[in-house]
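In my numbering, the protein residues as written are 29 to 126. Note that CB positions come from ideal geometry on N, CA and C, so glycine has one too.
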């Protein structure tokens with residue numbers, strides 16, 4: 029079995045979850061243990077935030093998928109579809125003027 033420390037959550041939640049999934053694959057982590065590994069990768073303030081997000085339950089009593097959902101909702105990047113469309117339109121107009 030490969031060794032290594034649990035990835036710590038920093039940066040974008042999407043990137044962290046990709047790294048964590050790689051950790052799970054390398055270590056052949058049981059589904060039941062995933063939420064505990066996820067919790068261990070959080071800082072004190074991140075754990076406190078997660079506790080608030082799943083209240084009145086405790087994070088260890090919530091499913092892994094629900095913990096991931098809550099973290100992504102809270103820390104995830106939100107793309108405004110209208111602004112993204114405007115940006116693409118400007119890019120297209122710029123290319124046409126070249």
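Excluding the five sequence neighbours on either side, which residues of its own chain have a C-beta within less than 8 Å of the C-beta of residue 46, listed in chain order?
none
Would you grab the beta carbon distance between residue 77 and residue 87 for me? Rounded to a whole angstrom, and I think it's under 8 Å.
Not a contact, Cβ separation roughly 10 Å.
If you drop the 5 nearest sequence neighbours on each side, which residues of the same chain put their C-beta closer than 7 Å to that of residue 81?
98 and 102
Could you compute how far the alpha carbon of residue 42 sits from the alpha carbon of residue 94?
15 Å
Apply the 10 Å Cβ neighbour rule to residue 62 and answer buried if 16 or more other Cβ atoms are within range, or exposed otherwise.
buried
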